[in-house]
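Enquirer: Submitted below is the structure of interest, expressed as structure tokens.
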Amino acid sequence: MTDTGREEVVREEVARAEEELRAAAALLTAGIPRVAVTRAYFAVFHMARAVLYAAGYEPRTHEGVLHLLSLHFVKPGKLAVAHGRVLARLHKYRGEADYGDSFVIDEPAAAEDLVAARDLCERLRALLPDESNRRE
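Written as structure tokens, this is what we have:
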């Protein structure tokens, strides 16, 4: 991938993360916490992909995003272990919410997860190069 192409992918991932955060908030307001949590996960997922692409990595799967973020950002101390756990928890919830038969989450718990997702997105955004870090 060229530098120009990489920068465009990073900008697109950041935009998708922001859109997913707005969707999660709207779904929570509408009283749909299960789906709100899946959107919160995708917000963090896309922001993590932006950070990984900006750093030269090209994750191909959801698990790849978790692995590469842990290896290159959590383990070296660029992100707190707690932030890695937030991503892992939201990833688990997303799988259970989308594919499980019995996943239930109440609105207060989903609201806490949305706050955690917003915080993690901001932490991840801070790791982006300046040209990728601007809000659209």
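The opening position of the sequence shown corresponds to residue 1 in the numbering used here, with each subsequent residue numbered one higher.
Note that CB positions come from ideal geometry on N, CA and C, so glycine has one too.
1. Report the rounded CA-to-CA distance for Y93 versus A54, giving the unit in angstroms.
2. Taking the continuous alpha helix (DSSP H) assigned at V74, which residues delimit it?
3. Using a 10 Å radius around the Cβ and a threshold of 16 neighbouring Cβ atoms, would you call E58 buried or exposed?
4. Rounding to the nearest angstrom, what Cα-Cα distance links R49 and G77 in this structure?
5. For V35, decide whether its Cβ has a neighbour in chain D, counting only Cβ atoms nearer than 7 Å.
6. If you follow the alpha helix (DSSP H) that G100 is in, where does it begin and where does it stop?
Expert: So, from the listed chains and residues:
1. 27 Å
2. No alpha helix (DSSP H) holds V74; DSSP gives it neither H nor E.
3. exposed
4. 18 Å
5. No chain D is part of this structure, which consists of one protein chain only.
6. Unbroken run through G100: none, as it is neither H nor E.
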